[in-house]
DNA sequence: TCTCCATATGTGCAATCATACATATGCTAT
DNA sequence: ATAGCATATGTATGATTGCACATATGGAGA
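Protein chains in written order, with my numbering: chain A, 9 to 119; chain B, 9 to 119.
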């Protein structure tokens, strides 16, 4: 549903969308993923290559249980997907958009 | 600086970038902005039209001091900019990228 | 100068969250 | 079946954070 605003300067009605309810909740949950250093590093690593929990833990120097917790979070939100090969589970980014957003962030910061 | 990873499957070296240090900090701070419902609503409102603190407060039904606090946050990170007209200060999005990211989020969620 | 409105700041509380420890589950090969 | 590695889960805790209350600043007009 659109929101109607009265422009203070032009005195005209402006139509636009302000997310509410479930979409708002989903959006904040989605973006909160990017708001933590550990998760950003995990996502960046997965943007380079699919990896298993142990690899991520070793490469990034993060406790295994922490990695596992965060990956579960990432999977719940649909940002990573898994593929089992024997006893090893490979994690990878499930969507280009995730990487797009990372790059947009870097772009915004001017790096 | 790039990170070198050993691909478990191909056994080849993979080169890529995992943000660390100041960039990592800036990125998490940047994305944490989007991780709160109040800020998302404020940003969405500003994507429709520039507005002053009181207008935002009224349109969105958020306490004035809360809006002011959040706008200060948003300004510190460089996401909004201000323009004074008399005693009224108009806030607006300072960069297209902010809106791009919002839309990417909506796109990811499939709305 | 005094008053009014717009905006900003100080502070405390409640709630959320990231992390690590200990432990459990699950898969594989011998 | 049992040993060993990979992964997941339960839980406690320290830290962070969003918010509103009260209050302060600051500009504009009378």
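No residue lacks a Cβ here, since even glycine has one placed at the ideal position from N, Cα and C. Nothing here was measured: the structure is a model prediction, and the numbers come from that model.
Q: Give me the Cα-Cα distance between residue 105 of chain B and residue 52 of chain B, rounded to the nearest whole angstrom.
A: Along the second chain, one-based indexing puts residue 105 of chain B at 97. Along the second chain, one-based indexing puts residue 52 of chain B at 44. About 13 Å.
(Q) If we define contact as Cβ-Cβ less than 8 Å, is residue 73 of chain A a contact residue for chain B? (A) Against the first chain, residue 73 of chain A aligns to sequence position 65. For residue 73 of chain A, the answer is no, since every Cβ of chain B falls outside 8 Å of its Cβ.
Q: Quick one: grab the DSSP three-state call for residue 101 of chain B.
A: Translated into the one-based positions of the second chain, residue 101 of chain B becomes position 93. Secondary structure at residue 101 of chain B: strand, using DSSP grouped into helix, strand and coil.
Q: State buried or exposed for residue 49 of chain B, treating a residue as buried only when at least 16 other CB atoms are found within 10 Å of its CB.
A: Locating residue 49 of chain B in the second chain gives position 41, counting from the first residue. Label assigned to residue 49 of chain B: buried.
Q | Distance, residue 67 of chain B Cα to residue 97 of chain B Cα | A | Here residue 97 of chain B is taken as the residue at index 89 of the second chain, counted from 1. Here residue 67 of chain B is taken as the residue at index 59 of the second chain, counted from 1. CA-CA distance, residue 97 of chain B to residue 67 of chain B, rounds to 16 Å.
Q. Once you ignore the five residues that flank residue 92 of chain A on each side, which residues in its own chain have a CB closer than 8 Å to its CB?
A. Residue mapping note: residue 92 of chain A aligns to position 84 of the first chain, counting from 1. Cβ within range, chain order: 98.
Q) By how many angstroms is the C-alpha of residue 113 of chain A removed from the C-alpha of residue 82 of chain B? A) As a first step, residue 82 of chain B is located in the second chain; it is residue number 74 there, counting from the start. As a first step, residue 113 of chain A is located in the first chain; it is residue number 105 there, counting from the start. C-alpha separation (whole angstroms): 15 Å.
Q: Please state whether DSSP places residue 24 of chain B in a helix, a strand or coil.
A: Counted from its first residue, the second chain places residue 24 of chain B at position 16. Strand at residue 24 of chain B.
(Q) Between which residues of its own chain and residue 27 of chain A is the CB-CB distance below 7 Å, once the five residues before and five after are set aside? (A) In the first chain, the residue the question calls residue 27 of chain A occupies position 19. For residue 27 of chain A, where only same-chain residues beyond five positions count, the Cβ hits under 7 Å are 35.
Q. Which chain A residues sit within Cβ distance under 8 Å of residue 81 of chain B?
A. What you label residue 81 of chain B is simply residue 73 of the second chain in a count that begins at 1. Per Cβ cutoff of 8 Å: no residues; residue 81 of chain B is ~13 Å from chain A at best.
Q) Counting Cβ pairs, one atom from each stretch, are 3 or more of them under 8 Å apart for the stretch 69-83 of chain B and the stretch 68-82 of chain A? A) Per the Cβ contact rule, the stretch 69-83 of chain B is not in contact with the stretch 68-82 of chain A (fewer than 3 Cβ pairs under 8 Å).
Q. Just the Cα atoms here: how many angstroms apart are residue 109 of chain B and residue 110 of chain A?
A. As a working note, residue 109 of chain B is residue 101 in the second chain. As a working note, residue 110 of chain A is residue 102 in the first chain. Between the alpha carbons of residue 109 of chain B and residue 110 of chain A lies a gap of roughly 9 Å.
Q. Which residue comes first and which comes last in the alpha helix (DSSP H) that contains residue 30 of chain A?
A. Position 22 of the first chain, counting from 1, holds the residue named residue 30 of chain A. Residue 30 of chain A -> alpha helix (DSSP H) spans 29-40.
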